[in-house]
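In what follows, a single structure is set out as structure tokens and then discussed.
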Amino acid sequence: MAELALTRHRHPDGTPRSLAEYTRTGGYLQARRAWQQLTPAELVQLVSRSGLRGRGGAGFPTGKKWSFMPPPDGSPGHRYLICNFDEMEPGTYKDRFLVEGDPHLLIEGMLIAAAACQCDTGYIFLRGEYGVVRERLTRALAEAEQAGWIGAHAGGSDRPFRLHLHLSAGRYICGEETGLLNALEGRRANPRAKPPFPVQVGAWGRPSVVNNVETLGNLPAILREGPDWYRGLGRGADAGTKLYAASGRVRRPHCAELPLGITLRELVFEEMGGMQEGRRFVAALPGGGSTRFLGEDGLDLPLDFGSLQAAGLSLGTGTAIVVDDGVCPVDLLRNLAQFYARESCGWCTPCREGLPWVEGLLRGIEEGTARPGDLELLEEQLGLIGPNTFCAFALGAVQPLASGLQLFHQDFAEHLRLGRCPRRR
Amino acid sequence: MAKVTVIFDGQPYLVSSGRNLLEAALDHGLDIPYFCWHPRLRSLGGCRQCAVKVFQGPDDTVGRIQMACMTEAREGIRASIDDPDAVRFRRAVIEWLMINHPHDCPVCDEGGECHLQDMTVLTGHVTRRYGGKKRTFESQDLGPFVSHEPSRCIHCYRCLRYYRDVAGGRDLQVLGSRNRLFFGRFASGRLESPFAGNLAEVCPTGVFTDKTYGQHYVRKWDLETVPSICPGCGLGCNTLPGARQGRIRRVQPRFHGAINQEFLCDRGRYLYEAEASPTRPRVATAGGQPLTTAAALDHAAGLLAGCRQVIGLAGGRASLEALTALRTLVGPAGLYAALPDAVHQGLAAGLAATHEGPPLASLEDVRHADGLVVIGADPTGEGPLLELAIRQAVDGARFTIADRLGIPHFNDVGVREAARGARHPLLVLGPGPLAIDALALATWRGLPAALPALTDRLLRALTATGAASSSPAETTTADEEVVLSLRQARRPVVLVSAASGAATVDAAARLARAWARTADAPCPLLVLVPAPDDLGLALLQAQPLAAALARIDAGEVDGLVLLEADLVALVGERRATELTSRLKALVVLDAHATTSLPLASIVLPAASWSEQTGTLINHEGRAQRFFQVVRPPATVQPAWRWLEELRGRTGAGTEPPATSFAELTRRAEQAVPDLRGVVAAAPGADYRQQGLKLPRQPWRATGRAALNLGPGLQEAPPPPDPETPYSWSMEGSEAPPPPALLHRIWAPGLNSYQALSRFQEEAGGSLRGDDPGVRVLDRPGKPDAAAASPNAVHAVAPATPASPATPAGGTPATPAGGTAASDHRRLLLLPRWHVFGSEPVSRQAPAIAEVVAPARLALHPAEAGRRGLAAGDLVTFALATGPLTLPVELDPQLPEGVGVFPVGWPETAGLWEPAHAVPEGEP
């Protein structure tokens, strides 16, 4: 078995590891080290050297993000570490998988990040529907507090780190870094203007760093085994392992920690056991709803940040949605468009008005009520909406739609020719 | 201001540094469509309409689409407005915005002056491609001022940002999400902010419109418009009334950089409907019998001829010209001010102070103040727009933090995020509670009589060397923090109400002088006055009311000319009746029905502000011209004309009767050195542009209903207007007029209020050619000028014996509240000015009348409980003005021992100052 950073000690049945189990395998030792032995600068440098990149989708180098945190200037108020656990990306369930099985891993990861960024307060911004996670994290937080890992003496030090669990009221935009900050404060989850960046002016106007669950989960292993070890876990240029997963009509849809840089073919046809009986692989969205489609010709592309970026694609969350030949691609795109149109916060025009129009055009093609020129209009709209919005929401939304329009152009033509969906009677 | 060069489509343009590309383009009249940017709200980046192509460095030929409003106009930045990608994207944005916008322009009140219409035409979106349904909303009833049609919304967030961030309102919100964002209240109900009316111009389309305008609506292109001045308080906000067929249809704010910018308060915006009030005197009457103009003049002249001694009592609603005519009629010593004593004395003290110390502050001074002390004033009630200016000043504190973080000022969302903890050094001294309390760093509570001492305490703390707590007995730690932050101010302003009396205004002036020395910068003093021409009254050296009453009581005076003043409201009905009984003649000139009309021997119907041209001098000593927009019936004439014709008959004075207001402006200027310059407040009647007059009516580009056609389908020739540079037609020059004559906010292709930027030096800045009006009290070497003018205002010492004397430099009077304990039954009755109700004329506008609350006496619940009173119970006081009976209302924010009554209500006629009283029937 390959070496693992995240799930080495996970129970096979996914039941949560208790504090006792966690500490038995060396848990919280790295948090202690981070708070008692290493300086913030050393921690930042260590994580930078590990090559860890953000696992929320954008792949921004974690150490670099931390280095933007201004040093404490003595001004009154908190410095926040915020864990983005909104996980509302379509088809994505990796963070839930990780924390349901090992809640203390997240807490220790946050302790390390807080030590590095000199934060005294942390929030876990949890997707509202994640009831099991909530239950297990609540218990784990109580355990960690009782054991003194978090609270007034973080990691056994003389400095505090108080960690709170916050349940999201539930919008996709809450996963956007600045929308999350607004939501956390009880405001509308609209994105904020950058600058100022959250590291300068974040939650309640204070310096804040926002990291994804999986990113934070990597930190104990990086500290324990060293940055070079972590770098070596990746198969290609990118460091570490990744929680990959798949959904759709594969034989064994599940989440698994694999070396960063496996191919889609390995993911679907080996790890997931291939396609279900009678189903043919058509395409996949490699990293949730906001990535571009990979067709059969993309099966051998390494699923890492660099390789996909070079091909004009993105890794996203690394949790693939697999499309088989039983699925109507037009309806699939319509479904995605409906999701994004519904989840738009309404702040800026292209996203608020453009996406519902796109949804309507796709619905028309699917249902046979399209008018001549609708396909061209759809293409034009997708080109206009994406790059010019206030935040990255719409840019993400048009990725699957625009690439799907190209990849499935024959299906679209067939719909328009028949004036209905060929899969429907 | 440092300038930078930006390049739009290859052409260099010089703009002030710190601006964004949209502002830079607007500064030069370049067309970039926009919605969410507004000069007062700055940039949001939400609508995405102002997209341009921006190039990185000299070799970039590809460029990138960026929002002009979010891109700083850095030196040498290269951008393209005409770039095909940018043009295509902007067209797409309009198409998106129009997806849900109804096609109801023909029945929309915004139609014809709609920014969305203009921008749609500008971007070239003409064909509808969206085939789906439009989303709709149910409209809300937002009260009598503002109409709501949210289905027209394009989600620019302007309304919300204006209402909450600028006006401080809480009850307008954005609800829902995605393409169902709803801007409105949680439920139907009147918008609480007294600045809600501005939503009509702030909203770029027809979601929020002027409800009163809608009730007697005509299109903008059918409105006759001239510059005017709001008569609703002493601030002198610039207005743009629009009339048709002899009726004012609406009033819009007219931009003035030093006063009201793009805003008006709702009192000022909606008082115009009083002009159409059926209760207005429209024919001369004596004893209820109508008289012709000539007969009325003869009758009035006869009445006055039968008197031994005639004096004039004039209110601050009267124009400088009417005051001058009255002054000529009764002689300089016979002119009295119909001002409550405290107001007159406070005003005199403020004007006297300007000779050696603080200049008078403008609203612009307030907006830029980095340290503000408000003493004994209620900005919201007395001069509502001052509250808005204070809010803007307080909001300005955030830029200090933004500068530290390098966030450009135009990035409104960013600046607001960064500067959430920003506190502005605003200190409020007074009995409270006020709407601005919530903005203040601190409030020092003190009853009116204690304010001079409290102000002096602040002065001592502010000027103490070393720590602020040099007198520890006086200041607490919290106070220290306030004083320290006030000390850091470099643009301080002190604000006081004339109504707080001479002692308090004197103390405020002392503070301003001392603060100026500490700050090593001017510290202007703002003295709030209640009426639009109170300074005209004071500068014409009108004598105090008490002196006039004393002369009547003594039987020395038996003839009184009451000019645009309400004796009953001033002194109460009992006293007014008693005074009238001593008079042989009471000649009343007024444009509005006052409670004094029934007492008059003769009523001469005067033209109101909309029916004549004249000059008003606002609180800062700025003389401003207002122009006639409506022609009254022949039986109504300007007060100055009545008075001059009356003088022609009585033979008083040496000058021949004036035939134009301008003769009186000149006469005023010649009579009083302090009025030097008032003639120049605006160009005179002989002003021509390209040899032409300026047309009141806009160019008939679209046709206009033939309402005024005579027989044979001929239009009657327009009447001449010998008094102003305006014609009563569409004939005339369409070139931009000088700022004091700016009578129309319109430019080719820009039919909405946003055309304003075309008349400004910089978009959002002062009008081209500078903000209009003449500050008569600003003269170089003013102390000398004052010394050289023996008639200067400080010579007009308050003559009332009742004046609460403060020994110069001595201990101020004991706080009135401090002695209240000696008599537990006694209440200190305090006056409160209300936005709606305290100003007499606006009460008569139907929309305002709807929101005027019934008169009540507000008590602290504990105070009421002690007296066995519950909300709604009637309480009666026997006062000098007569019995006062009011229902009780409970207000836990009030101090105990006081009862607060509303100023200007019929029930509280004659009550203007704090008074001690014991409720009747209490054991």
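For the protein sequence lines, the chains are C and H, in the order given. Quick note on our numbering: the first sequence kicks off at 1 and runs consecutively. Quick note on our numbering: the second sequence kicks off at 1001 and runs consecutively. Virtual Cβ for every residue (Gly too), placed ideally from N, Cα, C.
In the DSSP assignment, Thr291(C) falls outside any alpha helix (DSSP H), carrying neither H nor E.
Under a criterion of Cβ atoms nearer than 9 Å, the residues of chain C adjacent to Cys1047(H) are, in order, Cys348, Thr349. DSSP places Trp149(C) outside both helix and strand once states are collapsed to three, so it counts as coil. For Thr62(C), the three-state secondary structure derived from DSSP is helix. Within chain H, Trp1096, Leu1097, Ile1099, Asn1100, Asn1179 have C-beta atoms less than 8 Å from the C-beta of Glu353(C), given in sequence order. Note on geometry: alpha-carbon atoms of Ser1757(H) and Leu165(C) lie some 50 Å from one another. Here DSSP, grouped into helix, strand and coil, assigns Arg1190(H) to coil. The straight-line gap separating the alpha-carbon atoms of Ala1870(H) and Trp1905(H) is approximately 22 Å.
Counting other Cβ atoms within 10 Å of its Cβ, Met272(C) reaches 16 or more and is therefore classed as buried. Between Thr1594(H) and Ala1576(H), the CB-CB gap reaches or exceeds 8 Å. For Arg1420(H), the chain C residues whose C-beta falls within less than 7 Å of its own C-beta are Gly205, listed in chain order. By the Cβ neighbour-count rule, Leu1175(H) is exposed, with fewer than 16 other Cβ atoms within 10 Å of its own. Assignment of Tyr1013(H) by DSSP, reduced to helix, strand and coil, places it in the strand class.
Taking Ile222(C) as the centre and dropping the five residues before and after it, the same chain places the C-beta of Ser50, Tyr230 closer than 6 Å to its C-beta, in chain order. Inter-segment contact for the segment 1033–1048 of chain H and the segment 1105–1114 of chain H is absent: fewer than three beta-carbon pairs are separated by less than 8 Å.
Taking Tyr93(C) as reference, the option from Thr62(C), Thr121(C), His254(C), Glu3(C) with the minimal CA-CA separation is His254(C). Interface with chain H (8 Å Cβ-Cβ cutoff): Pro72(C) is excluded. Secondary structure in the segment 1249–1319 of chain H: the beta strand (DSSP E) runs of 3 residues or longer, each lying completely within the stretch, are 1284–1286, 1289–1291, 1310–1314 in chain order.
With 16 or more other Cβ atoms inside 10 Å of its own Cβ, Ala245(C) counts as buried. Close CB contacts of Gly63(C) within its chain, under the 6 Å cut and outside five residues either way in sequence, are with Val44, Val47, Ser48 (chain order).
Restricted to the segment 164–233 of chain C, the alpha helix (DSSP H) segments that are unbroken, complete and at least 4 residues in length are 177–184, 213–217, 219–225, 227–233, listed in chain order.
Excluding its 5 nearest sequence neighbours in each direction, Gly1045(H) has C-beta neighbours in its own chain below 6 Å: Met1067, Met1070, listed in chain order.
Neighbours of Ala193(C) across chain H, judged by C-beta separation under 7 Å: Gly1045, Asn1411, Val1413, Gly1414.
Counting only Cβ-Cβ distances below 7 Å, Ala1668(H) has no contacts in chain C at all, with the closest Cβ about 53 Å away.
When the five nearest sequence neighbours on each side are left out, the beta carbons in the same chain lying within less than 7 Å of the beta carbon of Gln1697(H) are those of Glu1224, Ser1729, Met1730, in order along the chain.
With at least 16 other beta carbons inside 10 angstroms of its own, Ala193(C) counts as buried.
Between Gly202(C) and Tyr80(C), the beta carbon gap of about 6 Å places them in contact (Cβ cut-off 8 Å). Straight-line measurement puts the Cα of Arg1866(H) at about 51 Å from the Cα of Ala1607(H).
The Cβ of Gly175(C) sits no closer than 8 Å to any Cβ of chain H. The alpha-carbon separation between Gln276(C) and Asn211(C) amounts to approximately 36 Å.
Of the residues Asp297(C), Thr317(C), Gly354(C), the one whose Cα lies closest to the Cα of Asp304(C) is Thr317(C). Closest by C-alpha distance to Gln1690(H), out of Leu1713(H), Pro1656(H), Glu1734(H), Glu1669(H), is Glu1734(H). DSSP, read as helix, strand or coil, puts Leu1142(H) in coil. DSSP, read as helix, strand or coil, puts Pro1638(H) in coil. In terms of Cα proximity to Arg1826(H), the closest of Leu1874(H), Thr1881(H), Trp1833(H), Val1898(H) is Val1898(H).
Using a Cβ-Cβ cut-off of 8 Å, Val201(C) counts as an interface residue toward chain H, since at least one Cβ of chain H sits closer than that to its own.
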